[in-house]
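Here is the structure we will look at, set down as structure tokens.
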Amino acid sequence: MRYCAFLRAINVGRNNRVTMADLRDLCAGLGFGNVGTYLQSGNLVFDADAPAGQVTRALEEALSKRGLERTYPVVREQSELHALSRLRPFGGFGDEHYRRYVTLFRDPLPAGVSSFISGRGFEITGAREREVFWVVEAGQERGVDAGGLLERKLGAPGTTRYWHVVEAVAALAGGLEEDTV
Numbered sequence: 003m004r005y006c007a008f009l010r011a012i013n014v015g016r017n018n019r020v021t022m023a024d025l026r027d028l029c030a031g032l033g034f035g036n037v038g039t040y041l042q043s044g045n046l047v048f049d050a051d052a053p054a055g056q057v058t059r060a061l062e063e064a065l066s067k068r069g070l071e072r073t074y075p076v077v078r079e080q081s082e083l084h085a086l087s088r089l090r091p092f093g094g095f096g097d098e099h100y101r102r103y104v105t106l107f108r109d110p111l112p113a114g115v116s117s118f119i120s121g122r123g124f125e126i127t128g129a130r131e132r133e134v135f136w137v138v139e140a141g142q143e144r145g146v147d148a149g150g151l152l153e154r155k156l157g158a159p160g161t162t163r164y165w166h167v168v169e170a171v172a173a174l175a176g177g178l179e180e181d182t183v
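Under my numbering, the first residue of the sequence shown is numbered 3, with each subsequent residue one higher.
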């Protein structure tokens, strides 16, 4: 099975510093094959024979043993990430005027996420079972921590990525048609 994993709090500030080569080696040591990374922020693609839950636990345990804390890996099957990347959840919020984000969670979210979190410098444009999509006006990102606010309000850790990073990781995982990214 082909998987994509998004690690939380990797190479942010002085904590959880790790090279992507070390992450690839860690994954290979877990028996994952065909490992790739994107950027320096803990975006992984790999093959594994185990179910997603088992892969998540193995990855989190190995990261913790290496001293990387609160990484909270969010693992998606390749097909799940491809379906996600094909969505157009931002409506009229084009990337030339807005920074577009998605916060990914492991577990299903409660209904009505977009109705109880708003007006803090960002706008939620949509939510799915385990993702919340949101935008910030370009140039206004400083001090906006919608991902952190979502985590606190929902009581569940997640990890936030620029939308174009999720699209790029989906492409890196392979099997995407050219016009989707």
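Glycine is no exception: its CB is placed at the ideal position from the N, C-alpha and C atoms.
On a predicted model such as this, the values are computed, not experimentally measured, just so you know.
message: Assuming residue 46 is part of the beta strand (DSSP E), what are its boundary residues?
response: Sequence index remark: in the sequence shown, residue 46 carries index 44 (1-based). 45-49 is the extent of the beta strand (DSSP E) around residue 46.
message: Would residue 175 and residue 6 be called neighbours here (beta carbons separated by less than 7 Å)?
response: Numbered from its first residue, the sequence shown carries residue 175 at position 173. Numbered from its first residue, the sequence shown carries residue 6 at position 4. A contact, by the Cβ cut-off of 7 Å.
- prompt: Would you call the stretch 101-110 and the stretch 147-167 in contact, with 3 or more CB pairs under 8 Å?
  reply: yes
- prompt: From residue 130 to residue 3, what does the alpha carbon distance come to, in whole angstroms?
  reply: The residue you call residue 130 lines up with position 128 of the sequence shown. The residue you call residue 3 lines up with position 1 of the sequence shown. Computed Cα separation, rounded: 23 Å.
message: Three Cβ pairs or more, each shorter than 8 Å: is that satisfied between the stretch 12-30 and the stretch 62-73?
response: yes
message: Whole angstroms are fine: how far does the CA of residue 52 sit from the CA of residue 96?
response: Position 94 of the sequence shown, counted from the start, is the residue given in the question as residue 96. Position 50 of the sequence shown, counted from the start, is the residue given in the question as residue 52. Approximately 38 Å, taken between the alpha carbons.
- request: Identify which residue in 79, 56 and 98 has its Cα closest to the Cα of residue 177.
  value: Along the sequence shown, one-based indexing puts residue 177 at 175. Closest option to residue 177, Cα to Cα, is 79.
field: First through last residue of the beta strand (DSSP E) which encompasses residue 30
entry: Counting from 1 along the sequence shown, the entry for residue 30 is found at position 28. Not the beta strand (DSSP E): residue 30 falls in the alpha helix (DSSP H), residues 22-31.
- prompt: Quick one: Cα of residue 81 to Cα of residue 137, how far?
  reply: Position 79 of the sequence shown, counted from the first residue, corresponds to residue 81. Position 135 of the sequence shown, counted from the first residue, corresponds to residue 137. When rounded, the distance between both Cα atoms is 25 Å.
query: How would you call residue 110, buried or exposed, if buried means at least 16 neighbouring beta carbons within 10 angstroms?
result: Residue mapping note: residue 110 aligns to position 108 of the sequence shown, counting from 1. Exposed, by the Cβ-count rule.
Under 7 Å between C-beta atoms of residue 36 and residue 171: Here residue 36 refers to the residue found at position 34 when the sequence shown is read from its first residue. Here residue 171 refers to the residue found at position 169 when the sequence shown is read from its first residue. Contact: no.
Cutoff 6 Å; reference residue 69; Cβ partners in own chain excluding five residues on either side: Position 67 of the sequence shown, counted from the start, is the residue given in the question as residue 69. For residue 69, where only same-chain residues beyond five positions count, there are no Cβ hits under 6 Å.
- prompt: Do residue 60 and residue 32 have their C-beta atoms closer together than 7 Å?
  reply: Residue 60 sits at position 58 when you count from the first residue of the sequence shown. Residue 32 sits at position 30 when you count from the first residue of the sequence shown. Cβ distance < 7 Å, so residue 60 and residue 32 count as in contact.
query: Where does residue 35 fall in DSSP's three states?
result: Within the sequence shown, the letter at position 33 stands for residue 35. Correct three-state label for residue 35: strand.
message: Here's a check: name, in chain order, each residue in its chain whose Cβ is nearer than 7 Å to the Cβ of residue 125, leaving out the five neighbours to either side.
response: Position 123 of the sequence shown, counted from the start, is the residue given in the question as residue 125. Counting only Cβ-Cβ distances below 7 Å, and skipping sequence neighbours, we find 136 and 137.
query: In or out: residue 18 buried (at least 16 other Cβ within 10 Å) or exposed?
result: Position 16 of the sequence shown holds residue 18. So residue 18 counts as buried.
- request: Could you spell out the range, first to last residue, of the alpha helix (DSSP H) harbouring residue 70?
  value: In the sequence shown, counting from the first residue as 1, residue 70 sits at position 68. Note, residue 70: premise wrong, no alpha helix (DSSP H); not H, not E.
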